[in-house]
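K.L.:
Sharing a structure with you now.
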């Protein structure tokens, strides 16, 4: 931790408040759990989301790139905000942004319009501003839709 900075343990609502993404590109409705090692969040994919108009007309499914973005928002950005607050305090977090850098994700199912998912991420490592998480997404019935590793880097705004 930097000199003169007091660590801040943010609650789930505080992390959500600091998340830079907004509608229609925020894919976290609520954060259920967050600590130094993991995060769990939920999101319901809105049936009227614009991307469903073309993916695929008459039989829409959520694009894989949107599922990947959802994993990144939880496992890199939201968890990163929590971890940066421990290092730099709440005000320091506002001066940084966690950016997605890379992923290795296996897809095993689909998400239809209106379905709710739970996204979980377990910190693999966090050092020198780099965060790597093991992340997964599951439907309400427990069916895993995708899982793998996701990474990001915290940079000053």
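Residue numbers (this note's numbering): 530 to 686. We put the CB at the ideal spot given by N, CA and C, even for glycine.
Tell me whether residue 493 sits in a helix, a strand or coil according to DSSP, three-state version.
P.N.:
Residue 493 lies beyond the range of the chain shown here (530 to 686); nothing can be said about it.
K.L.:
Specify the secondary structure class of residue 530 as computed by DSSP and reduced to three states.
P.N.:
Any reading at residue 530 needs caution, since the residue's pLDDT is 47, under 50, leaving its predicted position unreliable; the model's value is listed next. Residue state, collapsed to three classes: coil.
K.L.:
Would you call the stretch 610-621 in contact with the stretch 666-679, where contact means no fewer than 3 C-beta pairs closer than 8 angstroms?
P.N.:
Segments in contact, no.
K.L.:
If you reduce the DSSP assignment to three classes, tell me which class residue 726 lands in.
P.N.:
Residue coverage of the chain in this structure runs from 530 to 686, which leaves residue 726 outside it and unanswerable.
K.L.:
Could you give the C-beta distance for residue 607 and residue 560, rounded to a whole number, given that I count them as a contact under 8 angstroms?
P.N.:
Yes, they are in contact, since the Cβ atoms of residue 607 and residue 560 sit about 6 angstroms apart, within 8 angstroms.
K.L.:
How long is the line joining the alpha carbons of residue 653 and residue 575, rounded to whole angstroms?
P.N.:
Roughly 31 angstroms between the two C-alpha positions.
K.L.:
For the beta strand (DSSP E) that contains residue 651, what are its first and last residues?
P.N.:
First-last of the beta strand (DSSP E) with residue 651: 645-656.
K.L.:
Buried or exposed: residue 661, going by 16 or more other Cβ atoms within 10 Å of its Cβ?
P.N.:
Looking at its Cβ environment, which holds 16 or more other Cβ atoms inside 10 Å, residue 661 is buried.
K.L.:
Once DSSP output is grouped into helix, strand and coil, what is the label at residue 669?
P.N.:
Coil, per DSSP.
K.L.:
Could one say the Cβ of residue 579 lies closer than 8 angstroms to chain D's Cβ atoms, at least one of them?
P.N.:
Here chain D cannot be found, since the structure has a single protein chain.
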